[in-house]
Each structure stands twice: as C-alpha cells, then as structure tokens.
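J.: Heads up: the sequence shown runs through residues 24 to 219, numbered per my numbering. All residues carry an ideal CB built from backbone N, CA and C; glycine is no exception. Remember, predicted model here, so these are calculated numbers, not experimental data. Once you've had a glance at the structure underneath, I'll fire off some questions.
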Amino acid sequence: MYPDLDFSSLLAEDLGDFPMDDESHDDSSHENEINERPRLNMKKKLREFGLIHRYDNEADFALYCRMIPALSSVRLNDEPKFAEIQPRFPHQLWSVHQRTIEGKHRTNNYAEAGNRRIQSEMGMETPTMGYFIDRLKLIQRGRDQAHVRWLQGYQARPKKTKYRMADERILKVIDQYATRSPIEFLGGVALNFMMD
C-alpha cells in the first residue's frame, strides 16, 4: 500500500560526518546538527515518496513521522534493534540524549541560520552582482559590529521564548525517560518540534 520506506538509512544518510563527543574537540567544533538535518531529510523523503500530503493532513501520521528523528533522543543502548536492518552508524554518533541532559546544544544550525539571514537581508532571490556586493558589505559591517560587542562582553540575544520553552519541555520528557513507554517517550519528543 505504501512505498517501502527505509527509515534507518534515512537517518543514517546525513550523519556520517558528525564528530563523536570526545575530549579532543572543543565545544564549538563538535556541536552537531543531529536534530535538524534528519528532520529536513525526513520531509524530503516524504515528498519523494508522495506522502507529504498525508503528512500535512493527518495528525497521527505526522506524529509518527516526527518520531523517527526523535529516535536521536533515546538513551544509548536503548535504541530499537532490528535484526533485518544493520545501522550505518553507531547510535552514540547521533544520539543527543546525554547532550540534552547536560544542557548542550542539540544542533549546530549556525550555517543554515547565517544563510537564511543573508537571504532575508538581501531582500530578493536573485540580486544583481553590484547589489549583492553592496549588501554583502553592509551585512559584513553588521557582523563586525556584533563581534566587537561580543568582545566588549555584551551578551548575545537570548533564544526566543518559544524555543526555550520547547527545550525545557524536551528536557522534561528526557528526564522522565525511565517512566515512559517507548511510544510515549518518542511522541513526547516529537510533539515538541515540527518538520518545516
């Protein structure tokens, strides 16, 4: 009835270049984008298999789809084992369970955020070369000013309240890991993010 979706390889596709959490990296070099890329890739796969309409219109189906990237929140050694599916990458490579408990970033979307910001500041999709260069210089001046403010000791803007609250809810779900069934746990994590 539905195409054969290989969700384990879907998750593994984008995780090969993520560094392990070890002492040889500083915090900024290994804050990986575990949560965001699997979600985006998941939505791409739903489009590819013609299931995006169902995802957009059926709440239960959408929740189950979001449970797949939510597997990254499962505690190490508790991930589901499927005899017929060998994982491409070990769970410790893409698990964010411990990172969430420690209050570390679950993602590294800084490059994506920077790209979105540049696009929005350009104000158009295909600027002329002269306009592009002028706007890029203006954007760079703004970044230089932000860097100077950081050097002076000013704090960066805090996360938006809705994202801080979502982080708190996800942490609460992860703290209740042992008392929830696997489906309740994955559903609790999945209900706190959208695949946009």
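(1) State the DSSP-derived secondary structure class of M147, mapped to helix, strand or coil.
(2) Given a threshold of 16 other Cβ atoms within 10 Å of its Cβ, counted over all protein chains shown, does A213 qualify as buried or as exposed?
(3) Is there a Cβ of chain D sitting closer than 8 angstroms to that of M145, yes or no?
(4) Near P113, which residues of its chain fall below 8 angstroms by C-beta distance, leaving aside the five closest residues on each side in sequence?
(5) Tell me which residue opens and which closes the alpha helix (DSSP H) that E81 is part of.
(6) Is it buried or exposed, K127, if we count other Cβ atoms within 10 angstroms and call 16 or more buried?
(7) Within 10 angstroms of its Cβ, does N215 collect 16 or more other Cβ (buried), or is it exposed?
(8) For P92, count the other beta carbons within 10 Å of its own beta carbon; 16 or more makes it buried, fewer makes it exposed. Which is it?
(9) Shortest alpha-carbon distance to E144 belongs to which of L174, R203 and L159?
(10) To the nearest angstrom, report how far apart Q175 and A189 are at their CA atoms.
(11) Can you give me the Cβ contacts of R187 inside the same chain, cut-off strictly under 8 angstroms, excluding the 5 residues immediately before and after it?
(12) Whole angstroms is fine: what's the gap from R164's alpha carbon to T184's?
(13) Out of curiosity, what's the CA-to-CA distance linking A169 and A179?
(14) Is Y87 helix, strand or coil by DSSP?
(15) Determine the closest residue to H220 out of I206, M218 and D198, with distance taken between C-alpha atoms.
(16) For Q199, which three-state DSSP category applies?
T.: The relevant details are as follows:
(1) Locating residue 147 in the sequence shown gives position 124, where the first residue counts as 1. Correct three-state label for M147: coil.
(2) Against the sequence shown, residue 213 aligns to sequence position 190. Buried, by the Cβ-count rule.
(3) In the structure shown, chain D does not exist; there is a single protein chain.
(4) Locating residue 113 in the sequence shown gives position 90, counting from the first residue. Here the set comprises nothing.
(5) The residue labelled residue 81 in the question sits at position 58 within the sequence shown. Careful: E81 lies outside any alpha helix (DSSP H) and carries neither H nor E.
(6) For the purposes of this step, residue 127 is taken as the residue at position 104 of the sequence shown. It counts as exposed.
(7) Position 192 of the sequence shown, counted from the first residue, corresponds to residue 215. Under this definition N215 is a buried residue.
(8) The count along the sequence shown starts at 1 and reaches residue 92 at position 69. Its Cβ being crowded by 16 or more others within 10 Å, P92 is buried.
(9) Taking the first residue of the sequence shown as position 1, residue 144 is located at position 121. Considering only alpha carbons, the answer is L159.
(10) Mapped onto the sequence shown, residue 175 falls at position 152. Mapped onto the sequence shown, residue 189 falls at position 166. Roughly 31 angstroms separates the two Cα atoms.
(11) Sequence index remark: in the sequence shown, residue 187 carries index 164 (1-based). Taken in chain order, the residues that qualify are P181.
(12) On the sequence shown, position 141 is the one that residue 164 refers to. On the sequence shown, position 161 is the one that residue 184 refers to. R164 and T184: Cα-Cα distance of roughly 28 angstroms.
(13) To locate residue 169, count along the sequence shown from 1; it is residue 146. To locate residue 179, count along the sequence shown from 1; it is residue 156. One C-alpha to the other measures close to 9 angstroms.
(14) Working through the sequence shown from its first residue, we reach residue 87 at position 64. Of the three classes helix, strand and coil, the one that applies to Y87 here is helix, per DSSP.
(15) In the structure as shown, the chain starts at 24 and stops at 219, and residue 220 therefore has no counterpart that could be examined.
(16) Here residue 199 refers to the residue found at position 176 of the sequence shown. Note: Q199 maps to coil in three-state DSSP.
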